[in-house]
Amino acid sequence: MEFLVWFEDTAFSTWMRESGPAFFSSLVLHSIAMAFVVGVHVAIDLRILGFAPRVPLPLMRRFFPVLWVSLGVVTVSGVLLLVAYPAKALTNPVFYLKLSAVVAAMVITRTLVTQLMQDETRDGGAASTGARRLAAVSLLLWGGAITSGRLLAYTANLMLASHAQY
Amino acid sequence: MEALLAFSHRTGIYEFMHSTWGWPVVESLHFIGLSLLIGTVGLFDLRMLGLARGIPIGALHRLVPWGVAGYGLNVLTGIMFVSSVPDQYLFNPAFQTKLTLMGIAGANVLCFYRFVYAPVRDSSGGAIAPQSARIMAAVSLVCWVGIIVCGRLITYYRPPYHWCFWCS
């Protein structure tokens with residue numbers, strides 16, 4: 451916590467907090483990138499669940515450049531938001547819930563990509579029950595990640611580390 | 370405005386939105402709806418712009434109803450926001466811009482299905498979409514991303530601190 455008090459006092463952290471454009475751009479870019487990160491995953495999950503069956507599943511990997519760029523933007527903007535209000539996020543259990551949900555969902559995607567999307571010549575129609583279950587869990591995890599992200603604004607214990615000292 | 374508030378009270382929306390968890394829950398649903406929209410309609414637009422060639426456009430279109438569902442969810446949650454604190458929205462230039470962009474996106478959708486989609490629907494996987502489709506796909510993407518930006522701007526332009534200059 452001492453470290454966070456010091457950190458929040460640095461020029462970088464203060465600037466992120468007090469500069470309207472800096473904070474707002476990070477927030478907006480985070481929202482847009484989130485939409486594409488979740489969106490690409492949701493599209494793949496829906497396909498595995500059997501919707502849009504004529505879409506060759508392995509070819510959906512060709513949307514991954516959008517995913518990589520969006521992951522980059524969402525991470526950088528997320529770090530900048532964290533730089534602005536580190537104590538607010540790091541003392542909030544909901545923040546760790548959000549990160550866990552994101553990691554878990556991406557682990558599932560990794561599994562599904564390896565199992566079902568490596569061979570472009572094979573698009574074997576309906577996915578297995580196990581794969582469909584994973585896709586369904588993935589959808590729930592992304593919903594959870596979005597919700598916990600939103601709840602961060604409402605569940606904070608404190609805004610700044612210095613507030614904890616009184 | 371009074372009509373909106375009366376509607377909100379009558380339906381119980383007002384009480385819910387002013388409860389502890391009402392607003393955050395509805396906001397989360399709003400974000401989920403937009404992710405559904407971007408993930409389906411957004412990817413469909415990107416395919417028409419040339420990304421992920423090999424996927425037949427008509428086949429990918431089967432995901433779009435989920436985007437429409439997401440949009441519908443956002444209209445419903447949006448009504449819950451606006452009817453509960455109407456003065457914060459109706460006079461808010463960010464919200465007005467958002468509605469304008471939604472109108473443009475809607476007109477773009479109508480034009481797309483009326484004039485452009487039919488020949489594109491049955492094209493092969495490797496097909497390049499015609500220029501009209503590509504233009505409409507670009508308009509669509511710009512609109513939806515702009516709508517997200519305006520949505521985030523709403524809180525920064527709440528009246529009366531930033532009264533819109535074209536309001537009487």
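Line by line, the protein sequences are chains X and H.
Residues 451 to 616, numbered by this note's numbering, are exactly what the first sequence covers, in order.
Residues 370 to 537, numbered by this note's numbering, are exactly what the second sequence covers, in order.
Positions of the beta carbon are idealized from the N, C-alpha and C atoms, including for glycine.
Quantities reported herein were computed from a predicted structural model and do not represent experimental measurements.
Pick out whichever of the options has its Cα sitting closest to the Cα of residue i.
i	options	result
Ala476 (chain H)	H:Arg527, H:His399, H:Trp390, H:Met505	H:Met505
Thr469 (chain H)	H:Leu510, H:Leu398, H:Gly515, H:Arg422	H:Gly515
Thr437 (chain H)	H:Leu405, H:Ala428, H:Ser453, H:Val451	According to the sequence displayed, residue 437 (chain H) carries Val and not Thr. Nearest of H:Leu405, H:Ala428, H:Ser453, H:Val451 to Val437 (chain H), Cα basis: H:Leu405.
Tyr526 (chain H)	X:Gly470, X:Thr561, X:Tyr546, X:Met466	X:Gly470
Ser492 (chain H)	H:Thr389, H:Tyr383, H:Leu373, H:Met417	H:Met417
Pro508 (chain X)	X:Phe501, X:Phe486, X:Ile494, X:Leu517	X:Ile494
Val478 (chain H)	H:Tyr458, H:Phe413, H:Pro455	H:Phe413
Ala537 (chain X)	X:Val519, X:Ala606, X:Leu547, X:Trp465	X:Ala606
Val552 (chain X)	X:Ala611, X:Phe453, X:Thr525, X:Ser612	X:Thr525
Leu562 (chain X)	X:Phe453, X:Ala472, X:His491	X:His491
Phe484 (chain H)	H:Glu384, H:Ser501, H:Gly495	H:Ser501
Reducing DSSP to helix, strand and coil, say where residue i ends up.
i	result
Gly470 (chain X)	helix
Ile424 (chain H)	coil
Trp401 (chain H)	Note on residue identity: the sequence assigns Ile, not Trp, to residue 401 (chain H). Note: Ile401 (chain H) maps to helix in three-state DSSP.
Ile473 (chain H)	helix
Gln568 (chain X)	coil
Leu412 (chain H)	helix
Ser537 (chain H)	With a pLDDT of 46 at Ser537 (chain H), under the threshold of 50, the modelled position of that residue is not reliable, and the figure given next carries that caveat. In the structure shown, Ser537 (chain H) sits in coil (DSSP, three-state: anything other than H, G, I, E or B).
Ile497 (chain H)	coil
Arg560 (chain X)	helix
Pro503 (chain X)	coil
Met609 (chain X)	coil
Met370 (chain H)	coil
Ala576 (chain X)	coil
Tyr535 (chain X)	coil
His387 (chain H)	coil
Met449 (chain H)	helix
Gly381 (chain H)	coil
What in chain X is Cβ-close to residue i, meaning under 7 Å?
i	result
Val518 (chain H)	Val478
Val514 (chain H)	Ile482
Thr446 (chain H)	Within chain X, no residue comes near Thr446 (chain H); the closest Cβ sits about 12 Å away, beyond 7 Å.
Ala498 (chain H)	Neighbours of Ala498 (chain H) on chain X: none; closest Cβ ~15 Å, over 7 Å.
Name the chain X residues that come within less than 8 Å of residue i, Cβ to Cβ?
i	result
Ile424 (chain H)	Val505, Pro506, Leu509, Met510, Arg512
Ala421 (chain H)	Leu509, Met510, Arg512, Phe513
Arg521 (chain H)	Phe474, Leu477, Val478, Ser481
Leu510 (chain H)	Per Cβ cutoff of 8 Å: no residues; Leu510 (chain H) is ~10 Å from chain X at best.
If you draw a straight line from the alpha carbon of residue i to that of residue j, how long is it in whole angstroms?
i	j	result
His480 (chain X)	Gly528 (chain X)	6 Å
Leu403 (chain H)	Gly599 (chain X)	14 Å
Arg512 (chain X)	Ala603 (chain X)	35 Å
Tyr486 (chain H)	Leu540 (chain X)	48 Å
Ile482 (chain X)	Pro499 (chain H)	27 Å
Ser537 (chain H)	Pro462 (chain H)	Any reading at Ser537 (chain H) needs caution, since the residue's pLDDT is 46, under 50, leaving its predicted position unreliable; the model's value is listed next. So the two alpha carbons sit approximately 13 Å from each other.
Ala585 (chain X)	Ile558 (chain X)	8 Å
Glu396 (chain H)	Thr446 (chain H)	8 Å
List the residues of chain H that residue i touches, going by C-beta distances under 7 Å, in chain order.
i	result
Ala493 (chain X)	Gly408, Thr409, Leu412, Leu432
Along chain H, which residues have their Cβ under 8 Å away from the Cβ of residue i?
i	result
Ile596 (chain X)	Ser397, Phe400, Ile401, Ser404
Leu601 (chain X)	Pro393, Ser397
So with CB distances below 9 Å, who are the chain H contacts of residue i?
i	result
Ala485 (chain X)	Phe400, Leu403, Ser404, Leu406, Ile407, Gly408, Gly411, Trp513, Val514, Ile517
Arg467 (chain X)	Per Cβ cutoff of 9 Å: no residues; Arg467 (chain X) is ~15 Å from chain H at best.
Can you pull the chain X residues whose beta carbon is under 9 Å from the beta carbon of residue i, in chain order?
i	result
Ala428 (chain H)	Ala502, Pro503, Arg504, Val505, Pro506
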